[in-house]
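Step one of this worksheet: look at the structure below.
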Amino acid sequence: MLLNLYLIWYGIMTFFKKHTLLLIYHLVFSILLLGVFTKSGTTYLFFMGCFYISLITSYILFSYTIRSKEIEINSNINTSKIPLFALLTCVSIIVIHFIYLNDLPLVRAVFFNQKIDIINLRQNISLNSNPLINYLVSFNIKSFIPLTLLYLHIKNKNKFYWILYVLSVFYAFNMMHKSYIVIIHGPIILYCLMQKRFIYILKYALVTSFVILSLTHKLNQDIGKKNYYKYENVEKKSLSIGLLKRVLVVPGATVSGWFENVPKNLPFLHGKGYGFLCKLRGEKHVKYSKDLYPFINPNYSKKGLKGNVNVASFMYDYVNFGLLGLVLSGILLGIIFTYLEKLFKNDFNMKLVVNLIPILILSSQALTTLLFSGGWALSVILYFYFIKPTTSNC
Numbered sequence: 122m123l124l125n126l127y128l129i130w131y132g133i134m135t136f137f138k139k140h141t142l143l144l145i146y147h148l149v150f151s152i153l154l155l156g157v158f159t160k161s162g163t164t165y166l167f168f169m170g171c172f173y174i175s176l177i178t179s180y181i182l183f184s185y186t187i188r189s190k191e192i193e194i195n196s197n198i199n200t201s202k203i204p205l206f207a208l209l210t211c212v213s214i215i216v217i218h219f220i221y222l223n224d225l226p227l228v229r230a231v232f233f234n235q236k237i238d239i240i241n242l243r244q245n246i247s248l249n250s251n252p253l254i255n256y257l258v259s260f261n262i263k264s265f266i267p268l269t270l271l272y273l274h275i276k277n278k279n280k281f282y283w284i285l286y287v288l289s290v291f292y293a294f295n296m297m298h299k300s301y302i303v304i305i306h307g308p309i310i311l312y313c314l315m316q317k318r319f320i321y322i323l324k325y326a327l328v329t330s331f332v333i334l335s336l337t338h339k340l341n342q343d344i345g346k347k348n349y350y351k352y353e354n355v356e357k358k359s360l361s362i363g364l365l366k367r368v369l370v371v372p373g374a375t376v377s378g379w380f381e382n383v384p385k386n387l388p389f390l391h392g393k394g395y396g397f398l399c400k401l402r403g404e405k406h407v408k409y410s411k412d413l414y415p416f417i418n419p420n421y422s423k424k425g426l427k428g429n430v431n432v433a434s435f436m437y438d439y440v441n442f443g444l445l446g447l448v449l450s451g452i453l454l455g456i457i458f459t460y461l462e463k464l465f466k467n468d469f470n471m472k473l474v475v476n477l478i479p480i481l482i483l484s485s486q487a488l489t490t491l492l493f494s495g496g497w498a499l500s501v502i503l504y505f506y507f508i509k510p511t512t513s514n515c
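According to this note's numbering, the residues represented by the sequence shown are 122 to 515, in order.
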């Protein structure tokens with residue numbers, strides 16, 4: 122009996138280690154399905170199914186195609202100056218951004234009493250910034266800082282580590298996005314979990330929880346007066362219930378919102394939703410994440426607030442090409458998962474450390490954005506060319 126249980130457990134773990142990324146995405150997709158079903162019942166399940174079937178089919182076929190191929194990345198870079206260079210890069214971008222803002226948003230937010238004012242302040246941090254600044258900030262928060270903290274932790278560069286850690290937490294707090302504090306902690310928490318360093322995990326969990334609860338409290342301080350967000354009906358509910366609903370229901374409900382309004386209120390884009398394609402064609406780039414804001418958040422829009430309605434990656438392809446876009450999105454994601462599994466074949470722990478957070482973010486960001494300006498591809502490159510050559514215990 123015990124032998125059978127062991128063999129079953131061994132089989133499950135072997136399967137998980139071989140197809141880790143796809144199985145993690147199943148969790149993401151399940152949460153999206155829950156939100157879609159909660160908001161719209163079975164109306165859009167066919168569309169969701171088309172994406173899912175194309176993803177699984179692509180993954181199986183592409184895995185079979187490259188099963189006998191080996192993918193190796195060899196780095197000959199001199200790594201002796203990496204700690205100082207990495208620290209200076211992260212700190213320089215933070216300082217440049219604060220100088221550009223000429224402000225500490227968190228300090229100003231303390232004096233605001235209305236949720237609408239705080240949201241407006243938070244959105245203006247990026248909406249009114251120079252595109253180059255936004256790219257640098259995105260790379261820094263989503264790639265440079267998380268992997269540099271991880272690297273300094275692994276190499277026991279304590280002085281550099283604490284300088285960057287304190288500054289990066291303060292920085293993430295000032296950006297006023299709850300996800301940022303999770304992103305910068307993600308890789309190092311996962312690494313400590315793999316290494317069973319539970320004291321470190323407790324430290325990071327406490328800091329992350331403090332920042333998230335503080336921002337949530339500030340953003341919802343007038344929640345008893347009136348609730349404006351169509352999909353976040355958290356009036357008179359506790360912060361914990363509101364956060365739970367934000368994680369489990371809102372992402373899928375937003376998917377439903379996009380389905381409801383395209384093509385009913387806004388037409389399919391036929392490629393105009395891709396910035397790189399518009400540059401090749403000489404066309405204007407149309408961003409439905411902004412254009413759909415008045416439809417999905419009409420009460421906020423009436424107050425003059427502008428913003429983005431971020432959604433699951435496959436919806437950006439849907440609004441461009443409809444059902445075909447969902448199929449193509451599934452195929453592309455299946456290929457990427459297969460390639461990453463092959464790339465991290467003998468590196469299960471770091472496969473999770475580097476890729477888990479980006480896969481979770483697929484619930485609210487376009488795949489191309491996440492890969493490039495979102496820092497996913499950069500994180501993979503930084504790991505294989507800079508971190509892996511200097512570490513042997515990962």
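Beta carbons: idealized from backbone N, C-alpha and C, even for Gly.
Exercise. Exposed or buried, which one is Phe294 when buried takes at least 16 other CB atoms within 10 Å?
Worked result: buried
Exercise. Taking Cβ to Cβ, would you say Tyr286 is nearer than 8 Å to Leu270?
Worked result: yes
Exercise. What is the residue span of the alpha helix (DSSP H) that Asp438 lies within?
Worked result: 434 to 442
Exercise. According to the neighbour-count rule (16 or more other Cβ atoms, all chains shown, within 10 Å of its Cβ), is Lys263 buried or exposed?
Worked result: buried
For this session: Report buried or exposed for Ala207, applying the criterion of at least 16 other Cβ atoms within 10 angstroms of its Cβ.
Result: buried
Exercise. For Lys278, which of Pro204, Leu445, Asn251, Leu387 has the nearest alpha-carbon?
Worked result: Pro204
Exercise. Can at least three beta-carbon pairs, one atom from the stretch 464 to 482 and one from the stretch 174 to 190, be found at a separation below 8 Å?
Worked result: no
For this session: On a CA-only basis, which of Thr490, Glu462, Leu477 is nearest Phe136? Give me that one, please.
Result: Glu462
Exercise. From Glu353 to Val383, what distance separates their C-alpha atoms?
Worked result: Caution applies to Glu353, whose pLDDT of 46 falls short of 50 and renders its modelled position unreliable; the model cannot decide the point.
For this session: Could you spell out where the alpha helix (DSSP H) holding Phe158 opens and where it closes?
Result: 141 to 161
Problem set entry | The alpha helix (DSSP H) enclosing Asn382, as first and last residue numbers | 371 to 382
Exercise. If Val448 and Val157 are in contact, beta carbons under 8 Å, what's the gap, nearest whole angstrom?
Worked result: Not quite, the Cβ-Cβ distance comes to about 18 Å (not below 8 Å), so this is no contact.
Exercise. Thr490 to Phe458, Cα distance in whole Å?
Worked result: 16 Å
Problem set entry | the stretch 393 to 405 / the stretch 417 to 427 touching (three or more Cβ pairs under 8 Å) | no
For this session: Can you tell me which of the three DSSP states Glu462 falls into?
Result: helix
Exercise. Should the stretch 438 to 455 be regarded as contacting the stretch 389 to 397, the criterion being three or more beta carbon pairs within less than 8 Å?
Worked result: yes
Problem set entry | Beta-carbon spacing of Leu152, Leu369 below 8 Å | Contrary to the premise, residue 152 reads as Ile rather than Leu in this sequence. The answer is yes: Cβ separation under 8 Å.
Exercise. The alpha helix (DSSP H) spanning Leu398 covers which residue range?
Worked result: 396 to 402
For this session: State buried or exposed for Pro479, treating a residue as buried only when at least 16 other CB atoms are found within 10 Å of its CB.
Result: buried
For this session: Output the distance between the C-alpha atoms of Lys160 and Val328, rounded to the nearest integer angstrom.
Result: 33 Å
Exercise. Excluding sequence positions up to five away, which residues of its chain have a Cβ less than 6 Å from the Cβ of Asn255?
Worked result: Ser247
Exercise. Short check: CB of Ser484 to CB of Pro308, under 8 Å?
Worked result: no
Problem set entry | Of the residues Val303, Gly132, Ile266, Asn431, the one placed nearest Leu516, counting alpha carbons only | The displayed coordinates of the chain run from 122 to 515. Any statement about residue 516 would go beyond what the structure contains.
Exercise. Roughly how many angstroms lie between the CA atoms of Leu473 and Ile304, to the nearest whole one?
Worked result: 14 Å
For this session: Check whether the Cβ atoms of Tyr131 and Gly451 sit closer than 8 Å, and answer yes or no.
Result: no
Exercise. Taking C-beta to C-beta, are Val475 and Ser494 nearer than 8 Å?
Worked result: no
For this session: Under 8 Å by Cβ, that's how I've got Lys411 and Asn429 pegged, so tell me the actual separation to the nearest angstrom.
Result: 6 Å
Exercise. In terms of residue numbering, what span does the alpha helix (DSSP H) encompassing Leu412 cover?
Worked result: For clarity, residue 412 is Asp in the given sequence; the question names Leu instead. 409 to 412 is the span of the alpha helix (DSSP H), which, as asked, contains Asp412.
Exercise. How would you call Trp497, buried or exposed, if buried means at least 16 neighbouring beta carbons within 10 angstroms?
Worked result: buried
For this session: Give the single residue among Leu365, Ile322, Ile302 whose Cα lies nearest to the Cα of Ser335.
Result: Ile302
Exercise. So which of Phe319, Ser300, Trp379 has the shortest CA-CA distance to Arg367?
Worked result: Ser300
Exercise. Which one of Leu481, Val258, Leu488, Leu477 has the shortest CA to CA distance from Leu454?
Worked result: Leu488
For this session: Return the residue from the list Leu126, His218, Tyr321 that minimises the CA-CA distance to Tyr292.
Result: His218
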